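Residues 32 to 115 in this note's numbering are what the sequence shown lists, from first letter to last. Virtual Cβ for every residue (Gly too), placed ideally from N, Cα, C. Just so you know, these numbers come straight off a predicted model, no measurement behind them. Everything on this sheet refers to the single structure shown next.
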Amino acid sequence: MLSNERAGDESIVILQSLLCLMREKNLLSRADIETLCERVAVRAAQAERDPMPCCAEATTAAAHEMARIGSYIGQRYGGKHRRL
Numbered sequence: 032m033l034s035n036e037r038a039g040d041e042s043i044v045i046l047q048s049l050l051c052l053m054r055e056k057n058l059l060s061r062a063d064i065e066t067l068c069e070r071v072a073v074r075a076a077q078a079e080r081d082p083m084p085c086c087a088e089a090t091t092a093a094a095h096e097m098a099r100i101g102s103y104i105g106q107r108y109g110g111k112h113r114r115l
């Protein structure tokens with residue numbers, strides 16, 4: 032059986048790979064990934080009011096990881112930024 036930390040690491044690898052694959056196949060645009068980053072950050076900022084409760088530390092870590100993934104994908108695959 033996996034420890035919680037190790038299971039989390041495996042989930043991150045799967046998420047990173049899935050997002051990269053979807054971007055490579057143009058199923059996600061750079062703007063889509065930027066929107067996802069924003070939504071994760073908003074959820075982290077409002078963790079205490081989240082309708083799907085989660086540990087505040089976990090949501091903050093998720094927001095940082097999503098920003099890192101979004102930055103990597105943006106640099107690697109390029110594309111247009113979303114319009115504000």
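- In the pairwise beta carbon analysis, the segment 37-57 is classified as not touching the segment 73-86: fewer than three pairs are separated by under 8 Å.
- The DSSP-derived three-state label of Ser42 is helix.
- DSSP places Met97 in the helix class (H, G or I) of the three-state scheme.
- In its chain, beyond the 5 residues on either side, Val71, Ala72, Ala75 have a beta carbon closer than 6 Å to the beta carbon of Ala94.
- Between Ser60 and Gly105, the C-beta gap is not smaller than 8 Å, which leaves the two residues out of contact.
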